[in-house]
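S.K.: First, the structure itself, so that you have it in front of you.
4 protein chains.
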Amino acid sequence: MIKMGVIGCGYWGPNLIRNFAAQQGAQLAYISDLDEKRLGHVGLVYPAAKKTTNYREILEDPEVQAVVVATPMSTHFPLGREVLEAGKHLFLEKPMATTSDDCRTLNALAKARGLQIMVGHTFVYTPAVRKIKTLMEAGELGEIYYVNISRVNLGLFQKDANVVWDLAPHDVAMLNHLFGADPVAVSAIGHCYVQKELGIEDVAFVTLEYPGKRLVHIHVSWLDPNKVRLCTFVGSRKMLVYDDVSPSEKIRVYDKGVDVQPHYENFGEFQLLYRSGDVFIPRLDTVEPLKAETTHFLDVIKGTATPLSSGEHGLRVVQVLEGACRSMAENGRQVDLKYDA
Amino acid sequence: MIKMGVIGCGYWGPNLIRNFAAQQGAQLAYISDLDEKRLGHVGLVYPAAKKTTNYREILEDPEVQAVVVATPMSTHFPLGREVLEAGKHLFLEKPMATTSDDCRTLNALAKARGLQIMVGHTFVYTPAVRKIKTLMEAGELGEIYYVNISRVNLGLFQKDANVVWDLAPHDVAMLNHLFGADPVAVSAIGHCYVQKELGIEDVAFVTLEYPGKRLVHIHVSWLDPNKVRLCTFVGSRKMLVYDDVSPSEKIRVYDKGVDVQPHYENFGEFQLLYRSGDVFIPRLDTVEPLKAETTHFLDVIKGTATPLSSGEHGLRVVQVLEGACRSMAENGRQVDLKYDA
Amino acid sequence: MIKMGVIGCGYWGPNLIRNFAAQQGAQLAYISDLDEKRLGHVGLVYPAAKKTTNYREILEDPEVQAVVVATPMSTHFPLGREVLEAGKHLFLEKPMATTSDDCRTLNALAKARGLQIMVGHTFVYTPAVRKIKTLMEAGELGEIYYVNISRVNLGLFQKDANVVWDLAPHDVAMLNHLFGADPVAVSAIGHCYVQKELGIEDVAFVTLEYPGKRLVHIHVSWLDPNKVRLCTFVGSRKMLVYDDVSPSEKIRVYDKGVDVQPHYENFGEFQLLYRSGDVFIPRLDTVEPLKAETTHFLDVIKGTATPLSSGEHGLRVVQVLEGACRSMAENGRQVDLKYDA
Amino acid sequence: MIKMGVIGCGYWGPNLIRNFAAQQGAQLAYISDLDEKRLGHVGLVYPAAKKTTNYREILEDPEVQAVVVATPMSTHFPLGREVLEAGKHLFLEKPMATTSDDCRTLNALAKARGLQIMVGHTFVYTPAVRKIKTLMEAGELGEIYYVNISRVNLGLFQKDANVVWDLAPHDVAMLNHLFGADPVAVSAIGHCYVQKELGIEDVAFVTLEYPGKRLVHIHVSWLDPNKVRLCTFVGSRKMLVYDDVSPSEKIRVYDKGVDVQPHYENFGEFQLLYRSGDVFIPRLDTVEPLKAETTHFLDVIKGTATPLSSGEHGLRVVQVLEGACRSMAENGRQVDLKYDA
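Take a look at the structure:
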């Protein structure tokens, strides 16, 4: 039984709390938030957990083995460092930190102390992404030419992060995982519409280049009336569309075929020419991604698993985000990415 | 009764032939194509029209008042010039020509001879675009911040034109019409996947800047398993989504509202938070766009209408496409656009 | 070259005219309609065809081999009889006639004169229904338990026919064709909402029993805001959904699997439990059904094909519709169906 | 603080437990299930609640004011009776009991003891149904002619109840609530496919007649590959479609208009004629229905609310289900429904 504490009961924290609480191998010993009212509200369901507005209480409890940090992005680094310095394993929400240097500091600290870091890149643990990885590894799609991603919705505007830091971590973490590689270059163009005076981009177009000339285009936006999470993988053999918003048909595999230009006589036949090939919609497991993710963290602590979204993985995601922001600041100039050996 | 001839029975020609043939005010006197078999096949339905593989027969008939050119893009200019020089009104498929200089030559010729040019920018005549124009002019959307467009499908790869020349004319023509203005700058990034050796881009991302800092992003691609024609207009008051592939719900108007970030406790409630506001789907007329377009051309010849998609309009579309290609050649550098007075 | 005439330029006639006109093996010699204005409007496109408001002109032309009747249902029998008596092959729109006795008379007449009758049950010729037949014959679905059909839309209310006669012929013709068998019993319940005073049912629920206890439920309605054409085939191995309104994904084959009742803990996981098995969407040909149907009619006349929707097939469809109406008149009592040997 | 216990940790119980646990005004004191393993699994998250395989422990605790029964249908009556006899308020999952007599017994007992019964007809508490009620009461739809409902999915086959008892309670409860009236007659036809030997219907068609000749057709099935929850309300002014499976657009209001039969010339225009009128998609609250329902139960206990889904309401639902089953047993004969004054 791994004794744990969670810092942060805001937007995402309650989901982590609920999932760790339901884990057989974990004991949710502490819940912490600076906002007493919020703490009380969330904590109501977990009477056995100790509630505290002072997270240091958790760090000082020698029986606590692991701490979950689900606080605003800017506090990830200082809190994460305290957790590690207190000798606890660390689960850190994404993005890992606001700079790659901070990520490196955390990774070094964990290494020095023999502790584990796992970053909450949930997408890596979804049944859909696991299925895509399986299909890619089986060669179903052939060689990947190009991936096109739309991750847009209305609002959830942030004050301390632009849309790239808010939404793109999902995509970068997913792609690094799927390709088993990190991008070699990034460029990005961003625009500020709603928070013009703050200079916070709410729409951005990011281009990643992975080894082997595989290109990825990501459109992230807080200014779209619909929630769209659509990834199109164009391969030499087949195409795959991953629609994360679809309740029951998240993945579609299309037989690829570029048809010669047909002749047709009328408006009606024209409308029938949408695609060319069978479509296959594989069944996915119905497990909640956070259940898989929290189980994985416990396995990592127990030493029976290696983290899929390790501190190393989290660092590389942050490096890409940094690069994208540098590119945005320079009008879309392509930025080369280099990683520590 | 306006006596007409059509040159080109390929991909789009038969649709124009069918629509002009059904016009009360027009007489489809000639159908022409270099390919005798194709000509015979298409001509079968129109026994009263003279078939010829020599389009000059049409130009030499003094009773013919107007000629429709629906041939490959590279022949638009030479054929269009001959038509005008023969003293006939000209309906030219889009894009008007492969260079803006050629467009200018055609426009000058038409002006000198007192002839009309209309370019087949069909989208300008669709019930959906007419509705959007009405809504925009009524101030329903408020000030437009930003338009995002996806126009992608699988294939119909061309040998003599890249994806920007193939697909983007629709968008530029539509936007120039809707905004009643022309873009002041363009940038574009393109990629060659399938026809790498020919250097023909099959995927491109184009950014237009219209006066008043209104930005448009266009994603055109021949490498997508689904046919997507999706335009999202983000205004200060409302948002509008135009999905041209939807058979019955092409336009949706969303009440805009940027919500503060809510707290929620579980995975289920999270999924419910997709949007915030009523949606309105206006009824559209069911007229075939080409019927409206061909009727309009006859009215233009009769002098009872001014062309919505004139030679001037067609030229400006070509200028934008030229600018986009220049930008692609220079790695996405922004190209300023200047128009003749 | 088969010389032909078409009687009726109303709702459906122009589609038949267009398709026969485009057939290489046919010569559209006559177009006829009682309404001179309608005739002129439709005939405009076909200057080579003779227009007449007196259909007997067609019957009196000894060179005409085949006549198409696309007039209101109540005139199918008298016109069809005249066509056959004039020694011409007959293409009759569906339903074949308003009584089974009239159908029998037509069939006997055709047999006596050595003429062909084909009924315009277009669905039999659609790529979707052909695909379903192929899948069923290959045993993909296993034994069919049950078929559920919704064929509803708003309006197109008729004065001389109820919703069963208007919409159900499609389904009965399709099912008789797919099963290669005719129903042994029918029951139906109908309701009159909009045309209450005329006693014309606008909503009906029809149940057919095919040999082997295969049941079919058909919901037909003129009172639904959406156009729905949805057929669900439930087989012992797989399930198939045929959505005729979908532009590109008309057929879906679902791996069947009845799952034991699972436990789940929260609202979110609950929503994920929609289905259990892969889905397969086969590619369909993009041919216009009417092209296939009109080609088939010419082949039938030439003696190179046996009609899929023969007069015999048309008669059996009418027998089912008669039975359904008898059942409606008797509050849904089940009516046994017997066919001529 | 109302002290409570929950009996039943199976399919639906955990949702009730989670929601009552999160209520400020309630104290989840007991969780009970006969299956020790299941109890342990569910109880893990609620360490403060006492777990017991003997539900009588709950009844014997004099501080417990209310008991929730979420057990298989056949045990609703005996358990409900014991709860009431122990002097506790009763929340009973739907359907209230397997016979109307049992419901009457429970209602009489509650009345005699001054206790409240609330039945878990969740749909009454959904934002969608609340919205529909508001629209109906405002006269938006005009007079309701007819309601058509499909409630189908694959499986969750039950051993102790047919598909009518399993799925139709949702619809009957919703309609009685929306109409503020109870049906005067019911007829039903059912079929047994998968559990033929047990004689348990897995597909049924139920027709309800409400006062004022308002008809409702309900198709319930465990044999459909897709989860469908679709209710179409056809009114004299407008039509409303309630699609409970849609994540973000559950309700659509269609301007009604029955169009005269149009002429059209080609296949393409034909496909455009789907509907006639604007569509309005109202925004709905995103509250979880069970949160509203459990809050309501606490208000009922406190005496500040009258139950929307009272024991009286639950009884009448059961009477309709009984009538439907009687009708199924008699081949669809219409059964009149009479209610206690």
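Line by line, the protein sequences are chains A, B, C and D.
For the first sequence, counting from 1, position 198 maps to 198 in our numbering; every step adds exactly one.
For the second sequence, counting from 1, position 320 maps to 320 in our numbering; every step adds exactly one.
For the third sequence, counting from 1, position 75 maps to 75 in our numbering; every step adds exactly one.
For the fourth sequence, counting from 1, position 209 maps to 209 in our numbering; every step adds exactly one.
No residue lacks a Cβ here, since even glycine has one placed at the ideal position from N, Cα and C.
#1: In terms of alpha-carbon separation, which member of H76(D), D160(D), T207(D) lies closest to A168(D)?
#2: Is there a C-beta anywhere in chain B that falls below 9 Å from the one on S248(C)?
#3: Whose C-alpha, out of V6(D), P225(D), V318(D), is nearest the C-alpha of A26(D)?
#4: Between the stretch 189 to 202 of chain A and the stretch 233 to 246 of chain A, can you find at least three pairs of beta-carbon atoms closer than 8 Å?
#5: Use the C-beta contact count for Y30(D): other C-beta atoms within 10 angstroms, 16 or more gives buried, fewer gives exposed.
#6: Using a threshold of 9 Å, state whether the C-beta atoms of L84(B) and A66(B) are closer than that.
#7: If you reduce the DSSP assignment to three classes, tell me which class P27(A) lands in.
#8: Should the stretch 169 to 183 of chain A be regarded as contacting the stretch 316 to 323 of chain A, the criterion being three or more beta carbon pairs within less than 8 Å?
#9: Check whether the Cβ of D299(C) sits closer than 8 Å to any heavy atom of the ligand NAD, and report yes or no.
#10: Looking at C-alpha atoms only, which residue of I281(A), G142(A), L90(A), V64(A) is the closest neighbour of V300(A)?
#11: Since I believe C103(C) is in contact with G311(C) (beta carbons under 8 Å), could you give me their beta-carbon distance rounded to a whole number of angstroms?
#12: For K223(B) and D166(B), what's the separation of their Cα atoms in angstroms?
#13: In the DSSP assignment, find the unbroken beta strand (DSSP E) run with C9(C) in it and report its ends.
#14: Express the C-alpha separation of Y146(D) and L308(D) in angstroms, rounding to a whole number.
#15: Within 10 angstroms of its Cβ, does P289(D) collect 16 or more other Cβ (buried), or is it exposed?
#16: Counting only beta-carbon separations shorter than 9 Å, does I281(D) have a partner in chain B?
#17: What residues from chain D crowd round A21(A), counting only those whose CB sits closer than 8 Å?
#18: Helix, strand or coil: which one does DSSP assign to C103(A)?
#19: Counting contacts by CB-CB distance shorter than 9 Å, is R18(A) in contact with chain D?
#20: Could you please give me the residues that DSSP links to A204(C) through a beta bridge?
#21: Taking just the CA atoms, how far does D244(C) sit from P127(C)?
#22: Measuring only between beta-carbons, confirm whether N331(B) sits less than 9 Å from chain A.
#23: Would a check of beta-carbon distances place F205(A) closer than 9 Å to chain B?
#24: V279(B) to S187(C), Cα distance in whole Å?
#25: For the beta strand (DSSP E) containing N176(B), list its first residue and its last residue.
#26: What residues of chain D sit near G80(B), judged by a beta carbon separation below 8 Å?
#27: Could you tell me whether the stretch 211 to 221 of chain D touches the stretch 135 to 152 of chain D, where touching means 3 or more Cβ pairs closer than 8 Å?
#28: What residue from M174(D), W12(D), G114(D) has the CA that sits closest to L92(D)'s CA?
#29: Taking a contact to mean a Cβ-Cβ separation below 9 Å, would you say I2(A) touches K131(A) in this structure?
#30: Mapping DSSP to helix, strand and coil, what is E63(A)?
#31: Quickly, what does DSSP pair D243(C) with across the bridge? List them, please.
#32: Tell me whether G43(A) is buried or exposed, calling it buried when 16 or more other Cβ atoms sit within 10 Å of its Cβ.
#33: Name, please, each residue of chain B whose Cβ falls closer than 7 Å to the Cβ of L278(D).
#34: Quickly, what does DSSP pair K33(A) with across the bridge? List them, please.
#35: Would you identify the three-state DSSP class for E265(D), choosing helix, strand or coil?
#36: Is it buried or exposed for R333(B), if we count other Cβ within 10 angstroms and need 16 for buried?
M.R.: With the structure as the only source:
#1: Counting from one through the fourth sequence, the residue named residue 168(D) turns up at place 168. Here the closest residue by C-alpha is T207(D).
#2: Residue 248(C) sits at position 248 when you count from the first residue of the third sequence. It does; some Cβ of chain B falls within 9 Å.
#3: In the fourth sequence, the residue the question calls residue 26(D) occupies position 26. Looking at the Cα atoms, V6(D) is the closest of the given residues.
#4: no
#5: Here residue 30(D) corresponds to residue number 30 of the fourth sequence, with the count starting at 1. Y30(D) should be labelled buried.
#6: Taking the first residue of the second sequence as position 1, residue 84(B) is located at position 84. Taking the first residue of the second sequence as position 1, residue 66(B) is located at position 66. Taking 9 Å as the cut-off, the Cβ atoms of L84(B) and A66(B) do not count as close.
#7: Position 27 of the first sequence, counting from 1, holds the residue named residue 27(A). Per the sequence shown, residue 27(A) should be read as Gln rather than Pro. Strand, per DSSP.
#8: yes
#9: Of ligands this structure carries none, so the ligand NAD is not represented either.
#10: As a first step, residue 300(A) is located in the first sequence; it is residue number 300 there, counting from the start. Per the Cα distances, L90(A).
#11: Here residue 311(C) corresponds to residue number 311 of the third sequence, with the count starting at 1. Here residue 103(C) corresponds to residue number 103 of the third sequence, with the count starting at 1. Right, their Cβ atoms sit about 7 Å apart.
#12: Taking the first residue of the second sequence as 1, we reach residue 223(B) at position 223. Taking the first residue of the second sequence as 1, we reach residue 166(B) at position 166. Looking at the sequence shown, residue 223(B) is not Lys but Leu. Between L223(B) and D166(B), the C-alpha separation is close to 13 Å.
#13: Counted from its first residue, the third sequence places residue 9(C) at position 9. No beta strand (DSSP E) holds C9(C); DSSP gives it neither H nor E.
#14: Residue mapping note: residue 308(D) aligns to position 308 of the fourth sequence, counting from 1. Residue mapping note: residue 146(D) aligns to position 146 of the fourth sequence, counting from 1. One C-alpha to the other measures close to 24 Å.
#15: Position 289 of the fourth sequence, counted from the start, is the residue given in the question as residue 289(D). Buried: at least 16 other Cβ atoms inside 10 Å.
#16: Taking the first residue of the fourth sequence as 1, we reach residue 281(D) at position 281. It does: the Cβ of I281(D) has a partner Cβ on chain B nearer than 9 Å.
#17: In the first sequence, residue 21(A) corresponds to position 21, counting from 1. The answer, in chain order, is L44, V45.
#18: Here residue 103(A) is taken as the residue at index 103 of the first sequence, counted from 1. Correct three-state label for C103(A): helix.
#19: To locate residue 18(A), count along the first sequence from 1; it is residue 18. Answer yes: the Cβ-Cβ gap between R18(A) and chain D drops below 9 Å somewhere.
#20: In the third sequence, residue 204(C) corresponds to position 204, counting from 1. G190(C), V220(C).
#21: Start at 1 with the first residue of the third sequence, and residue 127(C) comes out as number 127. Start at 1 with the first residue of the third sequence, and residue 244(C) comes out as number 244. Roughly 11 Å between the two C-alpha positions.
#22: Within the second sequence, numbered from 1, the residue matching residue 331(B) stands at position 331. N331(B) counts as touching chain A.
#23: As a position in the first sequence, residue 205(A) is number 205, starting the count at 1. Yes, its Cβ sits closer than 9 Å to a Cβ of chain B.
#24: Position 279 of the second sequence, counted from the first residue, corresponds to residue 279(B). Position 187 of the third sequence, counted from the first residue, corresponds to residue 187(C). So the two alpha carbons sit approximately 41 Å from each other.
#25: The count along the second sequence starts at 1 and reaches residue 176(B) at position 176. Here N176(B) belongs to no beta strand (DSSP E); instead the alpha helix (DSSP H) covers 163 to 179.
#26: As a working note, residue 80(B) is residue 80 in the second sequence. Chain D residues near G80(B): none, gap ~28 Å exceeds 8 Å.
#27: Yes: the two stretches touch, three or more of their Cβ pairs being nearer than 8 Å.
#28: Counting from one through the fourth sequence, the residue named residue 92(D) turns up at place 92. It is W12(D).
#29: As a first step, residue 2(A) is located in the first sequence; it is residue number 2 there, counting from the start. As a first step, residue 131(A) is located in the first sequence; it is residue number 131 there, counting from the start. Not a contact, by the Cβ cut-off of 9 Å.
#30: Within the first sequence, the letter at position 63 stands for residue 63(A). The answer is coil: DSSP assigns E63(A) none of H, G, I, E or B.
#31: Sequence index remark: in the third sequence, residue 243(C) carries index 243 (1-based). DSSP output for D243(C) lists L230(C) as bridge partner(s).
#32: Counting from 1 along the first sequence, the entry for residue 43(A) is found at position 43. Per the 10 Å Cβ criterion, buried.
#33: Working through the fourth sequence from its first residue, we reach residue 278(D) at position 278. Per the sequence shown, residue 278(D) should be read as Asp rather than Leu. Result: F280, I281, P282, R283.
#34: As a working note, residue 33(A) is residue 33 in the first sequence. The amino acid at residue 33(A) is misidentified as Lys; the sequence shows Asp. DSSP output for D33(A) lists no bridge partner at all.
#35: The residue given as residue 265(D) occupies position 265 in the fourth sequence. Here the model assigns E265(D) a pLDDT of 46, short of 50, so the residue's position is not dependable and the matter cannot be decided.
#36: Numbered from its first residue, the second sequence carries residue 333(B) at position 333. So R333(B) ends up on the exposed side.
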